[in-house]
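Since the structure comes first, as structure tokens, the remarks are kept for the end.
Number of protein chains: 2
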Amino acid sequence: MADIDAPAGGRIAGRGRGGRQGRQAQRSSAAATPHIIPGIKRAIPTYDLMGEEGLVKIEAAIDTLLQEIGLEFRGDPASLKLWDAAGADVAGDLVRFPKGLVRDIILRSTPRSFVHHARNPARSVVVGGNDVVFSPAYGSPFVHDIDQGRRYGSLEDFRNFVKLAYASPWMHHSGGTVCEPVDIPVNKRHLDMIYSHIRYSDKPFMGSVTAEERAEESIDMARLAFGADFVDRNCVIMGNINVNSPLVYDAAMSKALRAYARANQCTVVVPFILGGAMGPVTTAGAIAQSMAEAMVGVALCQLERPGSPAILGNFLSSTALRSGSPTFGTPEPALGSLVIGQLTRRLGVPLRCSGAFTTSKIPDGQAMMESAVSMQAAVLCGAHFILHAAGWLEGGLAMGYEKFILDADFCSALHTYLAGIPLDDNAMALDAFREVGSGKHFFGCAHTMRNYETAFWDSATADNNSFEQWRDAGSKDAMRRANEKWRAMLRDYEAPPLDPGIDEALQAFMARKKESRPDMWY
Amino acid sequence: MADIDAPAGGRIAGRGRGGRQGRQAQRSSAAATPHIIPGIKRAIPTYDLMGEEGLVKIEAAIDTLLQEIGLEFRGDPASLKLWDAAGADVAGDLVRFPKGLVRDIILRSTPRSFVHHARNPARSVVVGGNDVVFSPAYGSPFVHDIDQGRRYGSLEDFRNFVKLAYASPWMHHSGGTVCEPVDIPVNKRHLDMIYSHIRYSDKPFMGSVTAEERAEESIDMARLAFGADFVDRNCVIMGNINVNSPLVYDAAMSKALRAYARANQCTVVVPFILGGAMGPVTTAGAIAQSMAEAMVGVALCQLERPGSPAILGNFLSSTALRSGSPTFGTPEPALGSLVIGQLTRRLGVPLRCSGAFTTSKIPDGQAMMESAVSMQAAVLCGAHFILHAAGWLEGGLAMGYEKFILDADFCSALHTYLAGIPLDDNAMALDAFREVGSGKHFFGCAHTMRNYETAFWDSATADNNSFEQWRDAGSKDAMRRANEKWRAMLRDYEAPPLDPGIDEALQAFMARKKESRPDMWY
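Quick note, the sequences are listed as chains A and B, same order.
Here the first sequence is numbered in my numbering, starting from 1 and rising by one per residue.
Here the second sequence is numbered in my numbering, starting from 1001 and rising by one per residue.
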């Protein structure tokens, strides 16, 4: 094993120091502006499923894949050139990596943690260390609510989800393509999406990756909002790069990856491995593949610009045996996430993992059971950035309004879970036992009165009333209650302030870019 | 800390040895009959939330509660006499325990694991070590299905749930009061319940605890089924004893507890602590209380009959801040379970924990989200016997037909989760990568063909089809699919064979007991 605890030259101070100290170090060394950094601070350990021997075995398999099988970079000579210069064996599009090369490149300069800045500094988040960031689901062409059913997403839906994520205290992040605004031409959508994130929210957000030009224009818009100098020194936008598994980066992805890295912005590198299709059906093999693919992407960021922030992602999925359909929220990917967490910590790179996954078409019992398994795996495995934390339906094909609300409530519960169990004298409650003794209730005792209001997690969607109360209030199921909640949130939504100069500059940029090219619908 | 790894004189060999070895040791040393022992063998570690310092702090609080506050035994002089003889300080009904006394009594003779025999030896289960046993929900006066809604449970419902648990491969146990058969007099119900477990299932089951006489008659019926000698040497029935929290055992419970222990049958000792009512609102204090109460019960079993099998249980709950209603499936009890698991392992006693808890009135998104959190806590904390694993609705007030099916499917997923990640050469799949290389799919490769059929967990209730397929099949939600499933299971149910002599003897016993006393309805 490489010495993973040695400082690896990341750009942000505080690398390797978790907890309050680490955060303070980061805060004091980051950009000049003082930031209140929100989000969750993990106070519970990770769940380490696999022993040392198993981890070493999988690391050996990763090395074999990198050395022997290799990865292709299709249609991107610049990436091949970087690999060649770094000492990899390049033959046509195929790159093979001498043992240890990829790991060494990662360890040399990838930040262990970094601040992802929001335009409202109070909403900037730390990615890495003991911080956990929840972000909405990403990329679905359809949207769903229980009144209108399922239909294609529009820019209005996109804005609605930006507003809902802004209004939810349990989302730390505005996300990226919260749904595809299918009513806007494919080659212009990114402009409206970035504008919406900036205009309707002040939380951190993600940019486009579907073409190098769109990635660059996303970053350009961030420069208008944050200032070009600030952007060169700080992460203000993320690009979510999908590996074309198995073992291929296509040109759109590797070029977009390098665009973000070149601008010193964060790249999230995510293989999508559907067992039996883009990878093997066995979990250990899929883990090795996922790590190999993601590590190569993180290393490429470092070759493009050493010290640029990157997140190692994974997205394991299983398959329904009878139909061959992808499945989500099943036990195999949950187990896989735990091991990927362990392996990623040995690299010292922030981790993106899992989400509120389901194949259900509606936010029913199946949806929430699968999502709970998947989200709990994310929290247990030590993920730092949890994309798809709210809204996901139908294997990612639909973004659900009610699902978003139920998932956000689960994220709220996970805040309490991540806080762990306090052990101070008040928590031990011996004074309560001394006051109450045996056989009497604790309703009115001093300890209860002192702690009652903050004692327990308070669900925004669960119905804990009696059967009779619930029946008399209309026998509403969780979907119906969630429906009322998102409608109220949109009704009560108020946009955060935005500097009119920035707003104007963004609108002018959009107009110019839209005029400069014909509409493309594919 | 006491030396918990030293053999504590349990009656079953193999104490302290988990895994295949432990099971083989138990099997060879248990009763003369060879048993095929089914159930899940845990191949993943427990999730140990708390460090040594925290555990010691909570153990000190447990000692303080036992020494300083004490527990009451109301109306049961025999229990007080046992405690007096064991060296406790008895003053009226109040018993205080010198430091270490309770722990020492537990460690001296409580079996680390034991076989809970079923009348079909192939269905006997191991309780303890690396084995995990799922058992249906227990004790609800109401039943629920989506066609008829919620109503009082009947003996027909009781039999239906026994049949469903028998038919489900994911339930290892028939449970106890799977619902209250409210149409049968209170003082005669236990006879019909025990008879139903024996007649309609051949899985292990639980007996009555609501009065000493009913406990003894439950055990008498087990003697008719298994033979009196066998019962004296082996566990064939369990009694679930609820502590009257805080810190009280009422006479019905302590007498029933001693009845099971006296007969060498298993006692499950379970405090029910609703934070703010029967215990403090802080989790650390509730954990200490729960452990103190349960430890005293386990120790009392050992005083009544050293070596009698016992399970330490817990049942933590939180409270809705606005209404004061109990809540379930929330993060605080999930965290509490993890620590109770750690503390119980230090005592070397089998653990009962959690279940598919929810306050929802129907098996909707709320129900399955809460149940998934609660069940996952049970599995992560190392519980050996998981009561309430299927069917629970409405804070335990209702047993749900569809909920049972969805929960059983989740138990099925947990079988795969508990099996962990294989790491043999087949699992590493390097041959698959060598065959497929980069950029091609794995559909037809030899590794996929070899592993496909057993590769992934196969849900019995999830709909993984496309939106169009799902819509064309009637847009059924998870509840509706579960409804079809339990109806089919009852339709296809076939009773296991039962020796006609045993059947006659049981029926004669029931008839005699029913004639011997007038109906009581409270």
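Glycine residues also receive a C-beta, built at the ideal position from the N, C-alpha and C atoms.
For residue j and residue i, the rounded distance between their alpha carbons
i: A:Thr344; j: A:Pro326; result: 25 angstroms
i: A:Lys513; j: A:Arg223; result: 15 angstroms
i: A:Ala262; j: A:Gly285; result: Ala is not the amino acid found at residue 262 of chain A; the sequence shown has Arg there. So the two alpha carbons sit approximately 32 angstroms from each other.
i: A:Ser154; j: A:Ala252; result: 24 angstroms
i: B:Pro1181; j: B:Pro1141; result: 8 angstroms
i: B:Lys1041; j: A:Thr282; result: 20 angstroms
i: B:Cys1072; j: B:Glu1156; result: For the sequence presented, residue 1072 of chain B should be read as Glu rather than Cys. Approximately 39 angstroms between the Cα atoms of the pair.
i: B:Arg1258; j: B:Pro1497; result: 33 angstroms
i: B:Ala1211; j: A:Glu332; result: 45 angstroms
i: A:Ser135; j: A:Ile405; result: 13 angstroms
i: B:Thr1267; j: A:Ser354; result: 41 angstroms
i: A:Ser308; j: A:Met238; result: 11 angstroms
i: B:Ala1482; j: B:Gly1092; result: 53 angstroms
i: B:Leu1300; j: B:Ala1334; result: 28 angstroms
i: B:Val1095; j: A:Ala122; result: 55 angstroms
i: A:Ser196; j: A:Asn314; result: 27 angstroms
i: A:Leu338; j: A:Glu59; result: 15 angstroms
i: A:Gly22; j: A:Gly128; result: Caution is warranted here: a pLDDT of 35 is assigned to A:Gly22, below 50, making its placement in the model unreliable, and no coordinate value can be reported.
i: B:Asp1503; j: B:Ala1408; result: 29 angstroms
i: A:Ala398; j: A:Asn160; result: 14 angstroms
i: B:Val1056; j: A:Ala225; result: 53 angstroms
Residue i burial status per 10 Å Cβ neighbour count (16 or more: buried)
i: B:Asp1192; result: buried
i: A:Trp83; result: buried
i: A:Ser516; result: exposed
i: B:Asp1131; result: buried
i: A:Gln469; result: exposed
i: B:Val1298; result: buried
i: A:Lys188; result: buried
i: B:Phe1443; result: exposed
i: B:Gly1365; result: buried
i: B:Glu1402; result: buried
i: B:Thr1454; result: exposed
i: B:Gly1474; result: exposed
Interface flag, residue i vs chain A, CB-CB below 8 angstroms
i: B:Trp1521; result: no
i: B:Gly1039; result: no
i: B:Asn1426; result: yes
i: B:Thr1344; result: no
i: B:Lys1361; result: yes
i: B:Phe1410; result: yes
i: B:Gln1148; result: no
i: B:Trp1392; result: no
i: B:Tyr1138; result: no
i: B:Ile1386; result: no
i: B:Tyr1047; result: yes
Cutoff 8 angstroms: residue i Cβ touching any chain B Cβ
i: A:Gly420; result: yes
i: A:Met291; result: no
i: A:Asp364; result: yes
i: A:Gln376; result: yes
i: A:Asp492; result: no
i: A:Met368; result: yes
i: A:Ser354; result: no
i: A:Ile340; result: no
Sufficient close CB pairs (3 or more, under 8 angstroms) joining the stretch 1385-1392 of chain B to the stretch 476-490 of chain A: no
Whole alpha helix (DSSP H) elements within the stretch 1096-1154 of chain B, 4-residue minimum: 1101-1109
Beta strand (DSSP E) segments (min. 3 residues) lying fully within the stretch 390-426 of chain A: 398-400
Contained beta strand (DSSP E) runs [length at least 3] in the stretch 275-355 of chain A, N- to C-terminal order: 310-314, 316-319, 351-353
Cβ contact check for the stretch 1283-1297 of chain B and the stretch 1353-1371 of chain B: 3 or more pairs under 8 angstroms: no
Cβ contact (3+ pairs, closer than 8 angstroms) linking the stretch 1307-1321 of chain B and the stretch 455-465 of chain A: yes
The stretch 418-433 of chain A / the stretch 187-204 of chain A touching (three or more Cβ pairs under 8 angstroms): no
Alpha helix (DSSP H) runs contained entirely in the stretch 1235-1278 of chain B, provided each spans 4 or more residues: 1251-1262
The stretch 1111-1125 of chain B in contact with the stretch 1369-1383 of chain B per 3-pair CB rule at 8 angstroms: no
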